[in-house]
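Some notes on the structure that comes next.
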Amino acid sequence: MSLTTFLQQCLTGISLGGAYALIAIGYTLVYGILRLINFAHGDIFMMAGYFMIFAMASLPWFIAIPVTLIVTILLGVTIERVAYRPLRSAPRMSVMISAIGVSYLLQQVAQLLWTSNPKNFKSVVSLQPIKLFDGQLTISAETLVTILACILIMVVLTLFINHTSAGHAMLAVSEDRGAAQLMGINVNATISLTFAIGSAL
């Protein structure tokens with residue numbers, strides 16, 4: 006394997022890994038707060054993809070992206086409110102079964118609405134690729150934007166959790182939900198915020 010091919014594969018891996026890392030952070034945020042394995046998390050990611058595809062069909066990208074984020078956040082918060090919150094005091098197995106049920110529900114709804122056929126997605130990045138080593142190494146604009154966006158989102162999320170009252174509330178609820186509630190923290194609002202951030206990621 007040549008050096009340029011190796012570098013190309015590394016950049017692709019970093020780009021994909023950054024996207025997977027954001028999904029994993031959203032997943033672990035929910036687990037850290039509720040100790041809940043949210044089986045529907047991947048399906049929320051799938052629904053966000055469909056939302057973006059259809060938003061891009063009728064809206065410019067700079068409007069489609071916020072619209073998709075808002076709809077996805079509403080979906081995540083609604084799932085928490087309807088499927089998980091009523092079972093907060095129930096045995097853990099009940100919550101896991103509810104999460105599996107939500108996962109299957111989202112899958113079936115997506116298949117009924119949009120079928121399982123592949124969908125094309127038009128890139129929102131119009132920048133030209135960067136060519137290095139006399140064109141032997143080509144770095145697509147999508148790869149660079151994905152890496153930079155992942156780094157920026159992770160930095161902002163870290164600052165939010167460590168330097169805001171809402172972030173401190175999330176840490177407190179994760180540490181001890183009962184003690185956090187005694188200290189005046191709105192546990193339900195904090196959990197809803199966690200689901201919102203996890204869905205947005």
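When you line the sequence shown up against the numbering used here, it's residues 6 to 206, in that order. In this text, a Cβ means the ideal position worked out from N, Cα and C, and glycines have one as well.
C-beta contact flag for residue i and residue j at 7 Å
i	j	result
residue 84	residue 107	yes
residue 82	residue 165	no
residue 56	residue 35	no
Cα-Cα separation between residue i and residue j, rounded to whole angstroms
i	j	result
residue 61	residue 72	10 Å
residue 95	residue 185	20 Å
residue 43	residue 137	43 Å
residue 209	residue 187	Because the chain here runs from 6 to 206, residue 209 falls outside it and cannot be looked at.
residue 149	residue 128	13 Å
residue 134	residue 144	6 Å
residue 111	residue 105	10 Å
residue 120	residue 49	17 Å
residue 180	residue 162	18 Å
residue 151	residue 102	34 Å
residue 37	residue 7	43 Å
Assumed close pair residue i, residue j - CB separation to whole angstroms, cut-off 8 Å
i	j	result
residue 32	residue 203	7 Å
residue 132	residue 115	About 31 Å; that fails the 8 Å criterion.
residue 90	residue 193	7 Å
residue 30	residue 206	6 Å
residue 142	residue 39	Not really, about 44 Å apart at Cβ, beyond 8 Å.
residue 28	residue 126	Going by Cβ atoms, the distance from residue 28 to residue 126 rounds to 17 Å, so no, they are not a contact pair.
residue 80	residue 52	6 Å
Quiz item: Is the number of C-beta pairs between the stretch 17-29 and the stretch 153-163 that are closer than 8 Å three or more?
Solution: Counting Cβ pairs under 8 Å, three or more are found: they touch.
Exercise. Entirely within the stretch 73-128 and at least 4 residues each: give me those alpha helix (DSSP H) ranges in chain order.
Key: 97-119
Exercise. At 3 residues or longer, and completely inside the stretch 130-157: list those beta strand (DSSP E) runs for me, N to C.
Key: The stretch 130-157 contains, as complete beta strand (DSSP E) runs of 3+ residues, the segments 135-137 and 142-144 (chain order).
Quiz prompt | Cβ contact check for the stretch 167-176 and the stretch 190-199: 3 or more pairs under 8 Å | solution = With three or more CB-CB distances shorter than 8 Å, the stretch 167-176 counts as touching the stretch 190-199.
Self-check item: Length at least 4, wholly inside the stretch 49-76: the alpha helix (DSSP H) runs in chain order
Solution: The alpha helix (DSSP H) runs lying completely inside the stretch 49-76 and spanning 4 residues or more number zero.
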